[in-house]
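In my numbering, the protein residues as written are 1 to 262. By construction, the Cβ of each residue, glycine as well, lies at the ideal position given by its N, Cα and C atoms. The structure presented is a predicted model; accordingly, all values stated were derived computationally and were not measured. What follows is a single structure, written as structure tokens, with notes after it.
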């Protein structure tokens with residue numbers, strides 16, 4: 001598993017933070033912790049996804065020559081991955097075994113499975129705190145007894161697959177969708193104090209839209225080690241890092257960062 005790191009990096013100048021860009025879609029419910037944090041600290045939050053996901057078709061999936069029936073477990077990091085997996089199964093007329101085990105990034109993702117399967121707690125597992133490390137801890141208990149399918153996009157490294165490979169587990173990466181860059185030029189004309197990234201692909205989108213992007217004092221946050229590495233490899237300063245022992249989520253890391261700057 002990736003070694004946990006500090007959630008924030010201190011800066012000598014502690015200017016006030018008022019405007020934050022979240023590079024994900026706006027939450028569908030007003031009960032999102034993002035809005036609670038905005039109210040608590042007087043933040044102006046903008047949500048603009050830097051990437052979009054499109055599913056591949058059954059013909060493309062068959063080219064991978066993956067026999068789903070040979071595998072006993074599947075890892076889902078998002079509801080979109082669940083949607084695309086069962087869509088492809090239906091398209092290529094594959095019946096998923098009732099004995100299949102499901103490992104999910106969060107409880108919400110796990111509960112979403114009820115749309116497609118008979119939900120049985122002994123077959124469904126999820127990260128207790130919603131962190132990648134939490135999910136890896138759950139997978140670690142089963143890695144020697146299961147054959148895993150790890151859904152991935154057509155580009156970018158998957159942290160779960162990297163872990164399973166390092167542990168010598170039996171698994172296959174199944175490309176179920178492709179990740180495309182969105183047009184972010186209009187939103188990046190605004191001045192943000194903080195920009196939060198959740199995938200290496202989002203960092204790639206930034207430089208595709210704005211070649212030679214300069215940080216110029218903007219604070220940058222990253223969720224996950226591969227996202228953090230993409231930011232640092234791009235020559236940017238990483239100010240907020242999650243997950244961490246005391247900040248398992250981006251929300252928690254951002255709140256800690258804001259508290260330290262009071």
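Where residue i falls, given that 16 or more other Cβ within 10 Å makes a residue buried
i           : result
residue 8   : Residue confidence is low: residue 8 scores 43 on pLDDT, short of 50, so the model does not pin down where it sits. Its coordinate-derived value is still stated next. Result: buried.
residue 13  : Residue confidence is low: residue 13 scores 49 on pLDDT, short of 50, so the model does not pin down where it sits. Its coordinate-derived value is still stated next. Exposed, by the Cβ-count rule.
residue 105 : buried
residue 237 : exposed
residue 241 : buried
residue 248 : buried
residue 337 : Beyond the ends of the chain as shown, which are 1 and 262, falls residue 337; an answer cannot be given.
Within 8 angstroms, strictly: CB atoms of residue i and residue j
i           : j           : result
residue 180 : residue 74  : no
residue 184 : residue 152 : no
residue 20  : residue 45  : yes
residue 37  : residue 251 : yes
residue 174 : residue 150 : yes
residue 101 : residue 72  : yes
residue 167 : residue 143 : yes
residue 96  : residue 68  : yes
residue 66  : residue 116 : no
First and last residue of the uninterrupted alpha helix (DSSP H) at residue i
i           : result
residue 207 : 200 to 209
residue 96  : No alpha helix (DSSP H) contains residue 96, which DSSP labels as neither H nor E.
residue 112 : 107 to 112
residue 234 : Here residue 234 belongs to no alpha helix (DSSP H), and DSSP marks it neither H nor E.
residue 251 : 250 to 260
Inter-residue spacing [alpha-carbon to alpha-carbon] between residue i and residue j
i           : j           : result
residue 49  : residue 194 : 15 angstroms
residue 243 : residue 39  : 23 angstroms
residue 24  : residue 93  : 33 angstroms
residue 176 : residue 16  : 42 angstroms
residue 18  : residue 90  : 47 angstroms
Endpoints, the beta strand (DSSP E) within which residue i is located
i           : result
residue 241 : 240 to 242
residue 219 : 219 to 223
residue 195 : 194 to 197
### Task
Pick out the complete alpha helix (DSSP H) segments inside the region 14 to 81, 4 residues or longer, and give them in chain order.
33 to 41 and 58 to 62
### Query
Where in the region 125 to 180 do unbroken runs of the beta strand (DSSP E), each at least 3 residues long, occur, reported from the N-terminal end onward?
147 to 153
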